[in-house]
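Novice:
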Amino acid sequence: MPELPEVEAGRKIAERALRGRTIAHVNTVQDTIVYHKIPPRKLAAALTGRTVLAVHRKGKQLWFELDRTPWPGFHFGMTGSFHAYDAEEDRPTFWKIEMLSTEGHRLAMVNKRRLGRIRLFDDPLREEPVASLGFDPLYEMRDAKKFAESVFKRKVAIKALLLDQSFAAGVGNWIADEVLYQARVAPQRRTDQLGKKEIGAIRSCLKRVIRRAVEVDADADRFPRTWLFHHRWGKKESAVTARGEKIRFATIGGRTTAWVPERQV
DNA sequence: CTCAGTGTTCAGTG
DNA sequence: TCACTGAACACTGA
């Protein structure tokens, strides 16, 4: 379920498990898709004996800062996550890589559907896919003027823009829908035809939704009850929000989009 | 059995 | 160049 808040939760898990610690051993599986053409041996060699100085995130991309390059990069795809544990028998299913600290802490990346990727970076911020990411709405939200300018110069449906990682890094399908619902803007509205007030509302809702989701470590049960999130799944004809508003579904920006016509103009 | 799906990328069209 | 669509990737769970 990885959009920015889920990936940020993963970043914290990785830091808690490995920050300041040295990787004593790396277990790998054979998976050419997730490993993205890196031979398991090469990956293990890059990590073994290294100290994890920090775990960084931009948008949905994660990477470890080690005491020596190359640094490993992780993308969760549709189904990835990090799991921390101590005992080998707690190793989760669908694990793709497991890193052990010298103290015996273990961190595994899990990737059930194999759309995730593991990479090696020499300089992540200057290399793809991190280099072409837009601003991270948690760490580096644009000020109102810059935000409005960057929205205005595009000519796409606002939903499609929010999903564009080179615009706002880390926004995925449910966050885009949630932001537009709270900002009262219909997803198919074109970016060059939005009013200043609407763009301002989108900006503040984006900030608020992401902050809130990160605060609760992306635990959906703790998202506010008023959020569209809790009612948007399943494309049910009868779907309504907590306020009783009817939810409609359509494909916009290539993704299933949920919105409330009576609220979003 | 069918199909949708919290993501990304690429080919093809206009 | 830009905007947009559809397909591909992969595989589970409803």
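Take the first sequence: its letters are residues 213 to 477, numbered as in the working numbering.
Think of the CB as a built atom: it goes at the ideal place given N, C-alpha and C, for glycine as much as any other residue.
(1) What did DSSP end up calling Gln-273 once you bin it into helix, strand or coil?
(2) Does the distance from the CB of Ile-411 to the CB of Val-472 come in under 9 angstroms?
(3) Comparing alpha-carbon positions, which option in Lys-270, Arg-228, Pro-284, Glu-277 lies nearest Pro-251?
(4) What is the DSSP secondary structure of Leu-345, counted as helix, strand or coil?
(5) Counting along the chain, where does the alpha helix (DSSP H) carrying Tyr-393 start and finish?
(6) Is the CB-CB distance between Phe-333 and Ala-226 below 9 angstroms?
(7) Answer with buried or exposed for Glu-300, where buried requires no fewer than 16 other C-beta atoms within 10 angstroms of its C-beta.
(8) Would you check if the distance between the CB atom of Gln-476 and the CB atom of Ala-356 is smaller than 9 angstroms?
(9) Could you tell me which residues DSSP puts in a beta bridge with Lys-458?
(10) For Asp-295, does the three-state DSSP call read helix, strand or coil?
(11) Cα separation between Glu-340 and Arg-455?
(12) Could you pull out every residue in the same chain whose Cβ sits closer than 7 angstroms to the Cβ of Ala-343, ignoring the five residues on either side in sequence?
(13) Under a three-way DSSP split, which group does Ile-245 fall into?
(14) Between which two residues does the alpha helix (DSSP H) holding Glu-361 run?
(15) Quick one: residues in its chain with C-beta nearer than 6 angstroms to the C-beta of Trp-307, no 5 flanking neighbours on either side, listed in chain order?
(16) Does the pairing of the segment 275 to 284 with the segment 255 to 267 give three or more beta-carbon distances under 8 angstroms?
(17) What does a CB cutoff of less than 7 angstroms around Gln-242 pick up in its chain, not counting 5 residues either side in sequence?
(18) Does DSSP put Pro-252 in a helix, in a strand, or in coil?
(19) Rounded to whole angstroms, what is the Cα-Cα separation between Asp-389 and Gly-292?
(20) Using a Cβ-Cβ cut-off of 6 angstroms (strictly less than) and excluding sequence neighbours within five positions of Arg-467, which residues of its own chain qualify?
(21) What do you get for Trp-445, buried or exposed, if any count of 16 or more other CB atoms within 10 angstroms of its CB means buried?
(22) Whole angstroms are fine: how far does the CA of Pro-217 sit from the CA of Arg-434?
(23) What does DSSP give as the partner residue(s) for Gly-285 in the beta ladder?
(24) Using a Cβ-Cβ cutoff of less than 8 angstroms, which residues in the same chain neighbour Lys-272 once the five nearest sequence positions on both sides are dropped?
(25) Note down the Cα distance separating Lys-358 from Lys-365, rounded to an integer number of angstroms.
(26) State buried or exposed for Gly-346, treating a residue as buried only when at least 16 other CB atoms are found within 10 Å of its CB.
(27) Based on the DSSP output, what are the partners of Glu-310 in its beta bridges?
Specialist: This is what the structure holds:
(1) strand
(2) no
(3) Pro-284
(4) coil
(5) 385 to 395
(6) no
(7) exposed
(8) no
(9) Val-452
(10) Per the sequence shown, the amino acid found at residue 295 is His instead of Asp. If DSSP states are grouped into helix, strand and coil, His-295 belongs with the strands.
(11) 43 angstroms
(12) Leu-337
(13) coil
(14) 356 to 364
(15) Ala-320, Val-322
(16) yes
(17) Pro-252
(18) helix
(19) 21 angstroms
(20) Asn-385
(21) exposed
(22) 13 angstroms
(23) Trp-275, Arg-331
(24) Pro-214, Glu-215, Leu-216, Val-219, His-287, Phe-288, Gln-377, Ala-381, Gly-382, Gly-384
(25) 11 angstroms
(26) buried
(27) Asn-239, Ala-320
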